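Going left to right, the sequence shown walks through residues 0 to 983 as numbering that gives the first Met the number 0 numbers them. The beta-carbon is built from N, C-alpha and C at its ideal position, and this holds for glycine as well. Being a predicted model, the structure only gives us computed values, none of them experimental. Here is the structure we will look at.
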Amino acid sequence: MQPTPEQSPHHAYPDHWEADVVLRDGGTARIRPITTDDAERLVSFYEQVSDESKYYRFFAPYPRLSAKDVHRFTHHDYVDRVGLAVTVGGEFIATVRYDRIDATGRPASAPADEAEVAFLVQDAHQGRGVASALLEHIAAVARERGIRRFAAEVLPANNKMIKVFRDAGYTQQRSFEDGAVHLTLDLEPTAESLAVQRAREQRAEARSVQRLIAPGSVAVIGTGRNPGGVGRTVLRNLLAAGFTGRTYAVNSAFAADQATIDGVPAHRSIGEIGEPVDLAVVAVPADRVPEAVTDCGEHGVQGLVVLSAGYAEWGAEGRERQRELVRQARSYGMRIIGPNAFGVINNSDAVRLNASLAPESPAPGRIGLFTQSGAIGIALLSGLYRRGAGLSTFISAGNRADISGNDFLQYWYEDPDTDVALLYLESLGNPRKFTRLARRTAAVKPVVVVKGARHSGSTPPGHAVPVSRIPDATVSALMRQAGVIRVDTVTEMVDAGLLLADQPLPAGPRIAILGNSESLGLLTYDACLAEGLRPRPPRDLTTAATPKDFRDALAEALADSNCDAVVVTAIPWVGENGEAESGDGEVLAAALRTAAATGPAKPVAVVHVEIGGLAEALAAATSTAAVPPVARASAPAAPDAATAPADRAVPPTAQATPSTAPAGPSTPTAPGDHLTQQRPDTGPGDTPTVPTLGRIPAYPAAERAVRALAEAVKYAQWRRQAAVPGKVPEFLDDTIDEAGAAARIDALLGPDPDPRGRSLGHDEACELLGRYGITVRPTLPAPDPDAAVAAAARLGYPVVLKTTAPHLRHRADLGGVRLDLANEAALRRAYGELTDLLGKPSELQPVVQSMAPRGVDTVVRATIDPAAGAVLSFGLAGAPSELLGDTAHRLVPATDRDAAELIRSIRAAPVLFGWRGSAPVDSAALEELLLRVSRLVDDHPEVVSVALEPVVVATQGLTVLGASVRLAPPPARTDLGPRRLSNY
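Next comes the structure, spelled out in structure tokens:
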């Protein structure tokens with residue numbers, strides 16, 4: 000919408016207030032400012048509001064709006080008088096208005112900071128969370144215009160509106176005056192209001208996903224009249240999966256008398272169906288999609304899966320077509336998966352939806368899979384299918400113009416059918432939100448991510464993402480901080496997902512290794528060391544080991560309190576004729592499962608080499624049922640290993656056949672809860688009961704199994720630590736002048752700051768840092784030898800002489816720094832050498848600084864990335880961080896735990912903690928410095944960059960020798976504002 004000439008030219012139409020929002024039931028709506036063009040919409044809206052709602056709004060019968068009312072409610076200055084409307088299909092469903100007032104309640108202008116607010120929601124849309132969303136947005140508008148409080152008069156019987164105010168989380172006061180409830184809300188966001196907002200966001204977005212993947216009815220638009228084609232393939236897959244709802248085929252080219260196709264009702268449009276349709280799968284050419292969307296929107300379809308291509312992946316014209324598709328769908332309250340999507344699968348027995356092009360439908364299971372690539376989706380589905388893994392849900396989002404991985408994290412967070420979330424991402428549309436959602440989800444279930452297109456400039460066509468300046472290594476570190484398991488390949492993602500879905504989390508890094516191949520055991524041992532695990536010496540069961548030997552050895556390892564996880568290695572048995580016998584995999588699988596089920600709950604992984612049937616049998620989950628023992632007393636006894644040929648293992652003749660019960664536990668459980676802790680008492684000849692348990696993952700290479708196990712170990716450690724979150728120590732408050740720093744920043748930026756920002760001078764930076772308790776060692780300019788001597792006399796010997804020219808800064812290796820100059824003669828000699836070697840003093844800009852105590856040179860930085868937010872970084876100065884990239888990162892605000900982890904997570908960390916007999920540095924002082932820097936950039940978003948280099952950390956205390964600070968107008972923090980969908 001655009002302003003009309005009647006509106007104040009001083010306050011142009013604020014288009015940044017426009018927003019698409021997801022409501023409580025999962026539908027979408029648009030919030031925008033009301034303009035003078037909305038008079039007819041307002042009148043039509045008001046006519047559809049009940050008399051009771053009108054009475055609650057005006058405190059008296061008010062059947063219709065007068066011309067004066069319409070003028071008043073559609074003419075705003077967007078400062079002292081503001082009105083917002085919620086629209087669906089272009090029509091109003093709710094309005095909110097504020098008027099600035101003074102202390103007596105009369106209309107006022109700034110600096111008055113209070114406003115009266117009133118809402119009206121159409122009765123048909125009450126209960127959808129419309130008023131709550133409107134309150135978030137009108138409060139943000141009011142804060143932008145300098146309003147700090149809302150006042151509202153509500154009739155006592157209007158319980159719904161009172162609840163909207165009460166539940167918002169703002170600080171409020173309530174009184175009863177003149178027969179009405181008088182409410183005053185402080186609009187400053189609180190921890191409670193932010194928590195309320197995010198909880199509502201989670202419920203709404205999860206519900207919007209549920210509407211898409213658990214529909215009661217599906218229409219395939221573009222079902223071909225002949226076999227083959229995209230639409231016909233989707234219809235075939237829907238029927239083959241046994242979808243529990245109603246299915247319709249739609250094609251405008253169907254003959255008028257065609258009643259069915261493939262046994263389902265055939266229609267030429269959604270409107271012809273005559274019954275509600277929840278989900279439409281759109282498989283028509285891109286130029287016909289708008290017509291299909293209109294048909295869906297006008298007939299109440301709740302969501303779309305758009306398989307059609309020809310959008311942003313085709314260039315500028317396609318990008319505009321994609322934006323228009325999203326705008327059109329959202330205007331009707333619909334959300335979209337796609338365009339250019341591969342489809343969705345929901346294996347819930349209550350739904351059985353396969354609205355995709357997947358050639359192989361995965362079995363039901365407890366893994367949720369999201370991918371932005373159809374080709375990768377096909378590969379992942381095929382790999383999971385071959386390995387017997389099951390999925391709860393699968394989504395291939397294509398260009399993800401609307402529904403994204405963030406939405407599915409919201410859904411999976413509380414989905415009882417999903418224990419592990421796997422995501423293949425090629426872009427992050429909202430990195431801050433992703434990090435926040437991933438951290439919350441990872442606290443209850445594993446999140447495994449593969450990030451494609453990791454290098455700068457390789458964003459996939461069709462993906463609109465914010466520009467990020469941080470390298471991929473930083474992104475990976477930030478994901479780790481959020482508990483995300485970041486892996487490099489889709490194969491590693493599947494490997495980790497299989498282990499995490501069906502095995503308990505390990506209590507630590509101690510790994511037992513057992514098997515019938517010494518060489519394979521040693522390879523596994525080496526792989527464990529390479530991944531930072533603590534393996535025990537491999538236990539060689541010899542090639543003569545029977546499945547019973549495997550069972551007993553595994554049971555013993557699981558019962559060992561010094562073991563946290565077990566890797567079983569197995570090679571085929573060798574027959575009497577010297578040929579490998581690989582057909583006994585089911586027997587070995589039954590033995591291993593029995594031991595795993597009846598022992599303490601610890602993860603087990605199997606590494607095997609060409610043992611037929613083993614991987615498949617291990618992948619089959621068992622139910623509580625009687626299973627023949629591995630070696631029954633009534634069966635012929637297996638020869639003792641001592642009497643069997645040394646090159647031959649003789650399996651027992653009694654075989655335990657795994658059950659073919661449905662995959663997955665009977666009730667939702669968290670990782671680590673799948674296996675029973677009790678071992679049944681069984682004697683010779685007894686038939687043991689195998690409790691319900693998940694699959695045991697099998698791997699064709701030791702490195703793959705160990706890498707998956709290592710990821711589980713690190714994730715389990717993160718879960719334990721996340722259970723008790725870190726905090727910002729209170730002692731910082733006593734030495735921080737937040738208000739003084741804010742005033743100084745305002746003065747430095749000036750009334751009309753340059754959007755590009757400005758770098759502070761040395762003295763300015765030191766002053767600002769000093770307000771946060773960060774002291775920078777003084778330096779004095781030395782434009783000539785005499786000035787250098789005078790500076791040294793002022794500072795006191797010994798001193799350092801160094802250049803500050805940009806190309807030589809911090810480059811001691813180029814001779815630009817001379818240390819430990821004890822007297823005037825040494826200083827003059829060093830000055831002459833410096834200028835003779837590197838150039839004139841005017842070029843070198845030399846300075847003198849007093850010597851700091853010896854220690855380890857480190858670097859502390861904080862930067863504001865427009866996509867990820869504020870990032871705190873730490874590393875050793877020089878080659879370790881600059882050449883080798885050995886730098887650790889954490890999101891701001893950092894806690895005491897984050898600071899401690901930060902200095903310990905770099906590869907060169909041993910240098911700080913007594914490497915090769917050196918004295919450990921003062922890590923506590925270093926952690927405190929990190930917290931102070933974090934607090935500075937968190938308190939003042941105008942501080943877009945801080946670099947402390949070098950920071951010399953001694954055995955007691957530290958010294959900051961150099962500092963640079965850059966200020967700029969703060970970037971918008973969309974993650975802290977009212978709920979809104981991304982606009983691509």
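message: Please state the DSSP three-state secondary structure of Gln-196.
response: helix
- prompt: For His-124 versus Ile-92, is the C-beta spacing smaller than 9 angstroms?
  reply: yes
message: Could you give the first and the last residue of the continuous alpha helix (DSSP H) run that contains Phe-433?
response: Here the alpha helix (DSSP H) through Phe-433 covers 430–441.
query: Does the Cβ of Thr-656 have 16 or more other Cβ atoms within 10 Å, making it buried, or fewer, making it exposed?
result: Reliability of the predicted coordinates at Thr-656 is poor, the pLDDT of 32 falling under 50, and no value is obtained from them.
query: Thinking C-alpha only, which one of Gln-257, Ala-28, Val-276 and Gln-321 is nearest Val-288?
result: Gln-321
Per DSSP, the bridge partner or partners of Arg-828: DSSP output for Arg-828 lists no bridge partner at all.
- prompt: Hey, Ala-357 and Gly-367 are a contact pair by Cβ (cut 8 angstroms); roughly how many whole angstroms apart?
  reply: Not quite, the Cβ-Cβ distance comes to about 15 angstroms (not below 8 angstroms), so this is no contact.
query: Just reading off the beta strand (DSSP E) that Ile-335 is part of, what are its end residues?
result: 334–336
- prompt: Are Ala-526 and Glu-702 touching if we call contact CB-CB under 9 angstroms?
  reply: Against a cut-off of 9 angstroms, the Cβ pair of Glu-702 and Ala-526 comes out as a contact.
task: Rounded to whole angstroms, what's the CA-CA distance from Asp-185 to Gly-168? Just pull it up for me.
output: 10 angstroms
message: Whether or not the stretch 206–223 and the stretch 348–355 are in contact is what I'm after, with contact meaning three or more pairs of Cβ atoms, one per stretch, closer than 8 angstroms; do they touch?
response: yes
- prompt: In chain order, what residues of the same chain lie with their CB nearer than 7 angstroms to the CB of Pro-782, ignoring the 5 residues before and after it?
  reply: Pro-840
message: If you follow the beta strand (DSSP E) that Leu-352 is in, where does it begin and where does it stop?
response: Its beta strand (DSSP E) spans residues 352–355.
Segment contact, 8 angstroms Cβ cut-off, at least three pairs: the stretch 394–411 with the stretch 185–199: no
query: Hey, Leu-504 and Arg-718: beta-carbon distance below 9 angstroms or not?
result: yes
- request: Find the nearest neighbour of Thr-862 within the set Arg-853, Ala-851, Val-847 and Arg-889, judged by alpha-carbon distance.
  value: Arg-889
message: Taking the alpha carbon of Tyr-758 as the reference point, which residue from Val-942, Gly-364, Gly-82 and Ile-100 has its own alpha carbon closest?
response: Here residue 758 is Ser; the residue named in the question, Tyr, does not match the sequence. Considering only alpha carbons, the answer is Val-942.
Nearest candidate by alpha-carbon position, reference Pro-752, set Ala-472, Leu-966 and Ile-335: Leu-966
query: On the three-state DSSP scale, how would you describe Asp-37?
result: Three-state DSSP puts Asp-37 in a helix.
field: Minimum length 4: unbroken alpha helix (DSSP H) runs contained in the stretch 847–915
entry: 878–881 and 895–903
message: Using a Cβ-Cβ cutoff of less than 8 angstroms, which residues in the same chain neighbour Leu-237 once the five nearest sequence positions on both sides are dropped?
response: Val-217, Val-219, Thr-246, Leu-352, Asn-353 and Ala-354
field: Beta-bridge pairing of Ser-174 - partner residues as DSSP gives them
entry: His-181
task: Drop a sphere of 10 angstroms on the beta-carbon of Ser-131, count the other beta-carbons inside from all chains shown, and report buried for 16 or more, exposed for fewer.
output: buried
field: Same chain, Cβ closer than 6 angstroms to Tyr-55, five either side skipped, listed in chain order
entry: Leu-154 and Asn-157
Three-pair Cβ contact test at 8 angstroms for the stretch 527–547 versus the stretch 582–591: yes
task: Starting from the C-beta of Thr-802, find all residues in its chain whose C-beta is less than 6 angstroms away, skip the five residues before and the five after it, and write them out in chain order.
output: Gly-815, Leu-843 and Pro-845
task: Look up Ala-420 in the DSSP assignment and give the residues it is bridged to.
output: Gly-367 and Val-446
query: Thr-440 to Ala-791, Cα distance in whole Å?
result: Roughly 57 angstroms separates the two Cα atoms.
field: Beta-carbon proximity check, Thr-27 vs Arg-334, cutoff 9 angstroms
entry: If you check the CB distance, Thr-27 and Arg-334 come in under 9 angstroms.
message: Looking at Phe-57: is its Cβ nearer than 9 angstroms to the Cβ of Tyr-97?
response: no
- prompt: Does Leu-930 come within less than 9 angstroms of chain D when only Cβ atoms are used?
  reply: The structure shown has no chain D; it contains just one protein chain.
- request: Would you give the residue range spanned by the beta strand (DSSP E) that Lys-801 belongs to?
  value: 798–802
message: I need the straight-line Cα distance from Gln-201 to Ser-403, nearest angstrom please.
response: 14 angstroms
Selected residue, minimal CA-CA separation from Val-483, among Leu-436, Asp-471 and Gly-507: Leu-436
- prompt: Among Ala-378, Val-78, Val-727 and Ala-946, which one has its Cα closest to the Cα of Pro-110?
  reply: Val-78
- prompt: Roughly how many whole angstroms lie between the Cα atoms of Gln-371 and Pro-338?
  reply: 11 angstroms
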